[in-house]
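Number of protein chains: 2
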Amino acid sequence: MKLATYKDGSRDGQLVVVSRDLSTAHYATGIADKLQQALDDWGFISPQLQDLYETLNNGKARHAFPFDSRQCMAPLPRAYQWADGSAYINHVELVRAARKSDVPGTFYADPLMYQGGSDDFLGANDDVPVPKEAYGIDFEAEIAVITGDVRMMSTPEQALDGIRLVMLANDVSLRNLIPDELAKGFGFFQSKPATAFSPVAVTLDELGESWDKGRVHLTLQSTWNGRKVGMCEAGPEMTFHFGQLIAHICKTRNVRAGSIVGSGTVSNKGVTGADGKTTWPKGYSCIAEKRAIETIQDGKPTTEFMKFHDTIRIEMKGLDGQSVFGAIDQEIVEAK
Amino acid sequence: MKLATYKDGSRDGQLVVVSRDLSTAHYATGIADKLQQALDDWGFISPQLQDLYETLNNGKARHAFPFDSRQCMAPLPRAYQWADGSAYINHVELVRAARKSDVPGTFYADPLMYQGGSDDFLGANDDVPVPKEAYGIDFEAEIAVITGDVRMMSTPEQALDGIRLVMLANDVSLRNLIPDELAKGFGFFQSKPATAFSPVAVTLDELGESWDKGRVHLTLQSTWNGRKVGMCEAGPEMTFHFGQLIAHICKTRNVRAGSIVGSGTVSNKGVTGADGKTTWPKGYSCIAEKRAIETIQDGKPTTEFMKFHDTIRIEMKGLDGQSVFGAIDQEIVEAK
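Protein chains in written order, with the UniProt record's numbering: chain A, 1 to 336; chain B, 1 to 336.
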């Protein structure tokens, strides 16, 4: 099933069930008002939501209304955890190669993750407010999952069973704040403003065979100012699957229902031709990666970061060509 | 007023108002069931809680019952944000001196903070489950505040107005996991398991003159296995006050109601005698600091980290000698 959260002026919005084709929706009132409530008691509540979903898909839900992603908050407008991985090692390799630093061998066995702020997420069509262009505004197109309870010391396989929903994320990053911040040694903080999520979050069965053991085998499209810059394959090059990412968190603590875990920037390796030249036909899921490639090839980056009023659209289509999660489609604006 | 959250089998527990002397409590049922609910609508709900608090203190609350901190969850059993500072630069200086690295000059102007996990906090008397003693188990005695909404780009003075409640924290740390984790460059993650908080959180007026512009001028006591190891002054040596810490978060994002912001390990400078020898008469608020001092003075640490079944008690008394927040009093146990 597909779930979304509609704006109603409250902090957590109203849970709605959305039809498979994203054309209609229905309030889940009477079942659960908020998505967190459903996650807290998933075994009891999700079958009721599933029933409503089927009625909606059959065109028989009496109070259905046209679905409008502009009315969406993030599926979880605020969450108890947002832990983001860097599961595509190719991205790490490129960024490090650009600054002439090697990728430590342990990075291939031990996931890199950071803890993000989760008190104030953006809806899929909300503006992205940033104080200054000079901060180096970048998008990061990612896949994210929402978990149920996963116990401390769970294995990656056990952690896979704890995945409830999948969605897309725009992990907005302020690149020019990152070097000084990481040099302080405590990780990202001011360089990661509010993250945005796709209009709907979907259960695993919606992905069909495209979901395979913690990886989504579909293409993540990123369109910057109307120009398609990324058509990245999210499946085969995901070094750590979502079960491994969740198990990484679980090493020393429980993961509780409603935790959001991100994949990090989806990234594909370049292709080296007979002439020895490498190209990246699948494009990029964040500008930093494009700039890293330019630095490796030309000695310096030429693509600039985002400006106020730039737009970014992030979407993923299923094997049937239909949008799975709806599109993240946002404008960067000056924070006032 | 003083607020706590009683265990009731649910994820968020039940909000109770606790008398000033911590002897009695009263359910806030009919006003607000959960502390987050009160924080979400503080202007409307807090005066009603305050009325109940006064009735309780006057011995006139009809359904009052004896307060028992063992029934407490963390005041916020799970939160939308837990951002912990390192506001006592003396602590940073000692830890860095022990590993012969300087404190960068910027650390005196720009707070050091990390984003912590907030989906699964521990109550004040809950056991601390850790998978292995070899992880290097340490306590960290801290002060923490809970905020209302604070807008992006707020000044430290504006941020001070956003502080709703104050409490104590035990930011449990796994020291032997830290070096490898920080070397990865993304900050703490597995080295910071679930944090515990004091039985009650209190409004600023409860601190009277001990609260001065974002600092708590009282002594934080840490007792390890029954031995008092820390009697640290929390006020004068707090390099960055809570308004500055919150404003640091606000540089690029909004801080939303129910965010918890920590001070980092409370730490006091040593005293150098006429013989040129430095001692630390106020003790320490985490073992890592004691070990840093030993390393600086003797070339190596001799105090070992905590073992399973060790206990740690963290408490702060007001000018009247009474416990302000109740005591964090926990046992370290092996996670199963």
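Heads up, the beta-carbon is just placed ideally off N, CA and C, and yes, glycines get one too.
Hey, would you say residue i sits closer than 8 Å to residue j, going by beta carbons?
i                      : j      : result
residue 367 of chain A : A:V266 : Examination of residue 367 of chain A is not possible in this model, given that chain A is present from 1 through 336 alone.
B:G318                 : B:I246 : no
B:F139                 : B:F197 : no
A:K269                 : A:H241 : no
B:Q221                 : B:M231 : yes
B:G85                  : B:P47  : no
B:L218                 : B:V166 : no
B:S285                 : B:A141 : yes
A:V17                  : A:L52  : yes
B:A64                  : B:L49  : no
B:V216                 : B:G283 : no
B:Y114                 : B:G258 : no
B:I328                 : B:A98  : no
Taking 8 Å as the CB-CB cut-off, is residue i touching chain B?
i      : result
A:Q322 : no
A:V103 : no
A:G43  : no
A:D40  : yes
A:G185 : yes
A:A64  : no
A:L3   : no
A:L182 : yes
A:A144 : no
A:A87  : no
A:R11  : yes
A:R70  : no
A:R78  : yes
What's the call for residue i, buried or exposed, on a 16-neighbour Cβ count within 10 Å?
i      : result
B:F44  : exposed
A:R11  : buried
B:V261 : buried
A:P236 : exposed
A:K2   : buried
B:G117 : buried
B:S23  : exposed
A:P179 : exposed
A:S101 : exposed
A:D41  : exposed
B:Y108 : exposed
B:E157 : exposed
A:V271 : exposed
B:R70  : exposed
Look up residue i in the DSSP assignment and give the residues it is bridged to.
i                      : result
A:S323                 : A:K317
B:V25                  : Residue identity check: residue 25 of chain B is Ala in the sequence provided, not Val. B:V18, B:F65.
B:F197                 : B:A169
A:A183                 : Looking at the DSSP assignment, A:A183 forms no beta bridge with any residue, so it has no partner.
A:D138                 : A:S173
residue 349 of chain B : Past the boundaries of the shown model lies residue 349 of chain B; chain B is included only from 1 to 336, so the question cannot be answered.
B:K228                 : B:T223
A:L122                 : A:A196
A:T279                 : A:V271
A:V92                  : Answer is none; A:V92 lacks a bridge partner.
B:W211                 : B:V216
A:P129                 : A:V333
A:I287                 : The partner list for A:I287 (beta bridge, DSSP) is empty, contrary to what the question assumes.
B:E233                 : B:T219
B:D84                  : B:Y114, B:G262
Is there at least one Cβ from chain C nearer than 8 Å to residue i's Cβ?
i      : result
A:G136 : Of the chains in the structure shown, none is chain C; the protein chains are A and B.
For chain A, is any of its Cβ atoms less than 8 Å away from the one on residue i?
i      : result
B:Q81  : yes
B:L218 : no
B:A74  : no
B:A97  : no
B:A25  : no
B:A335 : yes
Interfacial residues, the segment 187–210 of chain B to chain A, with Cβ spacing under 9 Å
Interface annotation for the segment 187–210 of chain B against chain A: G187, F188, F189, Q190, S191, K192, P193, A194, criterion Cβ-Cβ distance under 9 Å.
Identify each residue in the segment 105–130 of chain B for which the Cβ-Cβ distance to at least one residue of chain A is less than 9 Å, and report them in chain order.
Against chain A - using a Cβ distance shorter than 9 Å - the residues of the segment 105–130 of chain B are T106, F107, D110, L112, M113, Y114, Q115, G116, G117, S118, D119, D120, P129, V130.
Using a Cβ-Cβ cut-off of less than 8 Å, list which residues of the segment 147–177 of chain B approach chain A; keep chain order.
M152, M153, L174, L177
If contact means a Cβ-Cβ distance below 8 Å, which residues of the segment 234–254 of chain B contact chain A?
H248, I249, K251, T252, R253, N254
Mind listing which residues of the segment 46–60 of chain B have their C-beta closer than 8 Å to chain A's C-betas, in chain order?
Flagged: no residues at all.
Tell me which residues of the segment 296–315 of chain A have at least one Cβ-Cβ distance to chain B shorter than 8 Å, keeping chain order.
none
Where the segment 255–275 of chain A meets chain B: residues whose CB sits under 9 Å from a CB there:
V255, R256, A257, G258, S259
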